[in-house]
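Novice:
2 protein chains.
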Amino acid sequence: MSRSQLPPARLALTVDVVIFRLHDARLETLLVRRAALPHKGRWAIPGGFVHANESLEVAARRELYEETGLKNVYLEQLYTFGDPKRDPRGRVVTVAYFALITGAIQPRAGDDAAEAVWQPINGLPDLAFDHKAILDYALRRLRYKLEYTAVGFELLPDEFTLAELQAAYEIILGDPLDKRNFRRRILEANVIEETGKYRSGQIGPRAQLYRYRSDAVAEVKARRLFP
Amino acid sequence: MSRSQLPPARLALTVDVVIFRLHDARLETLLVRRAALPHKGRWAIPGGFVHANESLEVAARRELYEETGLKNVYLEQLYTFGDPKRDPRGRVVTVAYFALITGAIQPRAGDDAAEAVWQPINGLPDLAFDHKAILDYALRRLRYKLEYTAVGFELLPDEFTLAELQAAYEIILGDPLDKRNFRRRILEANVIEETGKYRSGQIGPRAQLYRYRSDAVAEVKARRLFP
DNA sequence: ACAAAAGTGTTCGATATACACCCATGT
DNA sequence: ACATGGGTGTATATCGAACACTTTTGT
Numbered sequence: 002m003s004r005s006q007l008p009p010a011r012l013a014l015t016v017d018v019v020i021f022r023l024h025d026a027r028l029e030t031l032l033v034r035r036a037a038l039p040h041k042g043r044w045a046i047p048g049g050f051v052h053a054n055e056s057l058e059v060a061a062r063r064e065l066y067e068e069t070g071l072k073n074v075y076l077e078q079l080y081t082f083g084d085p086k087r088d089p090r091g092r093v094v095t096v097a098y099f100a101l102i103t104g105a106i107q108p109r110a111g112d113d114a115a116e117a118v119w120q121p122i123n124g125l126p127d128l129a130f131d132h133k134a135i136l137d138y139a140l141r142r143l144r145y146k147l148e149y150t151a152v153g154f155e156l157l158p159d160e161f162t163l164a165e166l167q168a169a170y171e172i173i174l175g176d177p178l179d180k181r182n183f184r185r186r187i188l189e190a191n192v193i194e195e196t197g198k199y200r201s202g203q204i205g206p207r208a209q210l211y212r213y214r215s216d217a218v219a220e221v222k223a224r225r226l227f228p
Numbered sequence: 002m003s004r005s006q007l008p009p010a011r012l013a014l015t016v017d018v019v020i021f022r023l024h025d026a027r028l029e030t031l032l033v034r035r036a037a038l039p040h041k042g043r044w045a046i047p048g049g050f051v052h053a054n055e056s057l058e059v060a061a062r063r064e065l066y067e068e069t070g071l072k073n074v075y076l077e078q079l080y081t082f083g084d085p086k087r088d089p090r091g092r093v094v095t096v097a098y099f100a101l102i103t104g105a106i107q108p109r110a111g112d113d114a115a116e117a118v119w120q121p122i123n124g125l126p127d128l129a130f131d132h133k134a135i136l137d138y139a140l141r142r143l144r145y146k147l148e149y150t151a152v153g154f155e156l157l158p159d160e161f162t163l164a165e166l167q168a169a170y171e172i173i174l175g176d177p178l179d180k181r182n183f184r185r186r187i188l189e190a191n192v193i194e195e196t197g198k199y200r201s202g203q204i205g206p207r208a209q210l211y212r213y214r215s216d217a218v219a220e221v222k223a224r225r226l227f228p
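Structural data, given as structure tokens:
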């Protein structure tokens, strides 16, 4: 207990943001190569210190913006990692977030990163600190959420075809889904609506474009979307 | 970014532990009355500062032990609350946990608490800091977990009757369950086993006592226990 | 013409839900 | 004897899974 006055702290707080995107039919995450010690030269999840008067989510969004130039993307707190030995410099507790973005963003290396690149989830390099554990955790959470909620849309552009949406689910969940069952479920879930527009330019018939229904509820006591 | 050296921190880290128990057919949580400023005299979730070389979970277990004398109970990280204004003393980030305990424990007030008492979830008093939000979040998570996993056992003694188990679920989920369906599901889920012993001393037939199967898996891709 | 991809229903098995009585035991 | 509470099975509705063909369009 003893909550009456703040103790002098040798303590730092960071946020790390696992950023996912779909690209070339693969799930990818953004990694930076560390330019400084410790773990200089190793790959890491982008992140940094929380500023003095900044909430955790604002800090995470700031990091995300510095790396990708994106605002207003899907972001969710994941878990807080606080093992006393996780950082050799001292006590550094990190609040991990995960973000889902859309499209082909050129990453920008921050001041502490030599490079920033998209890495496919399969075949990741060794990671600095406990970042492997953080990434594994984020991936589990992404798959879990995808089965229960409509969060998959966050990885697609504003308008998409049902085939593209199904492909996104298949890539992340890792196994094929039945086309007719998929379409029925996603439509009955009432989370997307037709735009009235079509995608053509391909061999075959034009495909109806859909958009996410901003007024969709989902989530609360929702039945599993893909059991 | 700038992760090369630790900044001087005016920052404190606490853990807060929402402790649930079942008592008198009600769900209760342990609250302490604050003995010091800020929020002196108001009710709060038990918690305190994380020590220098202590992991977050160890800190949470220590707080739990100080309040209840219990070790080895169910404990799970909930969420990290870090709004810069949540504590008037300065920047205090708290990692919230929730714990499930069993039986009639006499709470012990810590050094910063004037009293520690069990409060039924319905009709809670005003809480200090952002503790109302933390408690609401914990409650949502408890209900959610109960529907999908077998975590309800953590609120019961080692041996229990099916009627007691069903009552626990009904209290927490808030609506009645069909006796025959409940028994079928919980037995088919294969998470409990007969002890061979019976509870008697009541009017009516003796009730078989069950125990949690320690080798039960559950959780991973488990079907919803009570849809 | 041909290849690629969009769109569309039905059947069958599994699971969830609703529902009522008998009997053992303690008072 | 009576009140309390433990234990048990079935019928129906709903949901999930498997499955194939036709049509459109670009090359």
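Chain order of the listed sequences is A and B. Quick note on the working numbering: the first sequence kicks off at 2 and runs consecutively. Quick note on the working numbering: the second sequence kicks off at 2 and runs consecutively. We treat Cβ as the ideally placed atom computed from N, Cα and C, and that holds for glycine. Only a predicted model underlies this, so the values are computations on that prediction, with no experimental measurement involved.
If you count every other CB in all the chains shown that lies within 10 Å of the CB of Gly197(A), and 16 or more means buried, which is it?
Specialist: Position 196 of the first sequence, counted from the start, is the residue given in the question as residue 197(A). The residue is exposed, with fewer than 16 neighbouring Cβ atoms inside 10 Å.
Novice: To the nearest angstrom, how far is the alpha carbon of Asn191(B) from that of Ala139(A)?
Specialist: Counted from its first residue, the second sequence places residue 191(B) at position 190. Counted from its first residue, the first sequence places residue 139(A) at position 138. If you take the alpha carbons of Asn191(B) and Ala139(A), they lie about 30 Å apart.
Novice: Any beta carbon from chain A within less than 8 Å of Ser242(B)'s own beta carbon?
Specialist: There is simply no residue 242(B) to check, as chain B begins at 2 and stops at 228 in what is shown.
Novice: So which of Arg22(B), Asp127(B), Arg212(B) has the shortest CA-CA distance to Thr162(B)?
Specialist: Here the question's residue 162(B) lines up with position 161 in the second sequence. Checking every option, the nearest Cα to that of Thr162(B) belongs to Arg212(B).
Novice: Count the other CB atoms, across all protein chains shown, that sit within 10 Å of the CB of Arg62(B); report buried if there are 16 or more and exposed otherwise.
Specialist: One-based indexing of the second sequence puts residue 62(B) at position 61. With 16 or more Cβ atoms within 10 Å of its Cβ, Arg62(B) is classed as buried.
Novice: Tell me whether Ala219(A) sits in a helix, a strand or coil according to DSSP, three-state version.
Specialist: Mapped onto the first sequence, residue 219(A) falls at position 218. Here the model assigns Ala219(A) a pLDDT of 48, short of 50, so the residue's position is not dependable, and the following value carries that caveat. Ala219(A): coil per DSSP, three-state reduction.
Novice: Run down chain B in chain order and give the residues with a C-beta less than 7 Å from the C-beta of Gln78(A).
Specialist: As a working note, residue 78(A) is residue 77 in the first sequence. Simply Tyr80, Thr81.
Novice: For the beta strand (DSSP E) that contains Phe50(B), what are its first and last residues?
Specialist: As a position in the second sequence, residue 50(B) is number 49, starting the count at 1. Its beta strand (DSSP E) spans residues 48–50.
Novice: Count the other C-beta atoms from every protein chain shown that fall within 10 angstroms of the C-beta of Asp159(A), then say buried if there are 16 or more, exposed otherwise.
Specialist: Here residue 159(A) refers to the residue found at position 158 when the first sequence is read from its first residue. It counts as exposed.
Novice: For Leu65(A), which of helix, strand or coil comes out of DSSP?
Specialist: Residue mapping note: residue 65(A) aligns to position 64 of the first sequence, counting from 1. If DSSP states are grouped into helix, strand and coil, Leu65(A) belongs with the helices.
Novice: For Lys133(A), name the three-state secondary structure that DSSP assigns.
Specialist: Walking along the first sequence from the start, residue 133(A) turns up at place 132. Helix.
Novice: With 8 Å set as the bound, which would you pick, yes or no: does the beta-carbon of Ala105(A) sit closer than that to a beta-carbon of chain B?
Specialist: For this step, residue 105(A) is matched to residue 104 along the first sequence. No, Ala105(A) lies away from the interface with chain B (no Cβ there is under 8 Å from its Cβ).
Novice: What residues from chain B crowd round Pro279(A), counting only those whose CB sits closer than 7 Å?
Specialist: There is no way to answer for residue 279(A), as the model of chain A reaches only from 2 to 228.
Novice: Using the three-state DSSP reduction, which class does Val74(B) fall into: helix, strand or coil?
Specialist: Within the second sequence, numbered from 1, the residue matching residue 74(B) stands at position 73. Residue state, collapsed to three classes: coil.
Novice: So if DSSP puts Asn145(B) in a beta bridge, which residue, or which two residues, is it bridged to?
Specialist: Reading the second sequence from its first residue, position 144 is the one you call residue 145(B). Here residue 145(B) turns out to be Tyr, not Asn, going by the sequence shown. Its beta-bridge partners do not exist; DSSP assigns none.
Novice: Taking the C-alpha atoms as reference points, what is the distance between Ser201(B) and Glu194(B)?
Specialist: As a first step, residue 201(B) is located in the second sequence; it is residue number 200 there, counting from the start. As a first step, residue 194(B) is located in the second sequence; it is residue number 193 there, counting from the start. Roughly 19 Å between the two C-alpha positions.
Novice: According to DSSP, simplified to helix, strand and coil, what is Ile173(B)?
Specialist: Here the question's residue 173(B) lines up with position 172 in the second sequence. Three-state result, Ile173(B): helix.
Novice: Could you check the C-alpha separation between Leu188(B) and Leu157(B) for me, to the nearest Å?
Specialist: Counting from one through the second sequence, the residue named residue 188(B) turns up at place 187. Counting from one through the second sequence, the residue named residue 157(B) turns up at place 156. Cα-Cα distance, rounded: 17 Å.
Novice: Give the straight-line distance between the Cα atoms of Pro206(A) and Leu79(A), rounded to the nearest whole angstrom.
Specialist: Within the first sequence, residue 206(A) is the residue found at index 205, counting from 1. Within the first sequence, residue 79(A) is the residue found at index 78, counting from 1. The straight-line gap from Cα to Cα measures roughly 41 Å.
Novice: Taking one C-beta from the segment 34–44 of chain B and one from the segment 109–128 of chain B each time, how about it: are there three or more such pairs within less than 8 Å?
Specialist: Flag = yes, the segment 34–44 of chain B and the segment 109–128 of chain B touch.
Novice: Taking the alpha-carbon positions, what's the Glu29(A) to Glu58(B) distance?
Specialist: Position 28 of the first sequence, counted from the start, is the residue given in the question as residue 29(A). Position 57 of the second sequence, counted from the start, is the residue given in the question as residue 58(B). Approximately 31 Å, taken between the alpha carbons.
Novice: Give the DSSP-derived three-state secondary structure of Lys180(B) in the structure shown.
Specialist: The residue labelled residue 180(B) in the question sits at position 179 within the second sequence. The answer is helix: DSSP assigns Lys180(B) an H, G or I state.
Novice: Would Ala97(A) pass as a contact of Arg34(A) if the rule is Cβ separation under 8 Å?
Specialist: Numbered from its first residue, the first sequence carries residue 97(A) at position 96. Numbered from its first residue, the first sequence carries residue 34(A) at position 33. Contact: no.
Novice: List the residues of chain B whose Cβ lies closer than 7 Å to the Cβ of Val94(A), in chain order.
Specialist: On the first sequence, position 93 is the one that residue 94(A) refers to. Ordered by position in chain B, the residues that pass the 7 Å Cβ test against Val94(A) are Leu14.
Novice: Can you grab the Cα-Cα spacing for the pair Ala53(A) / Tyr66(B), in whole Å?
Specialist: Position 52 of the first sequence, counted from the first residue, corresponds to residue 53(A). Position 65 of the second sequence, counted from the first residue, corresponds to residue 66(B). Ala53(A) and Tyr66(B): Cα-Cα distance of roughly 32 Å.
Novice: With a 10 Å radius around its C-beta and 16 neighbouring C-beta atoms as the bar for buried, classify Ile204(A) as buried or exposed.
Specialist: Sequence index remark: in the first sequence, residue 204(A) carries index 203 (1-based). Counting Cβ neighbours within 10 Å, Ile204(A) comes out exposed, since fewer than 16 surround it.
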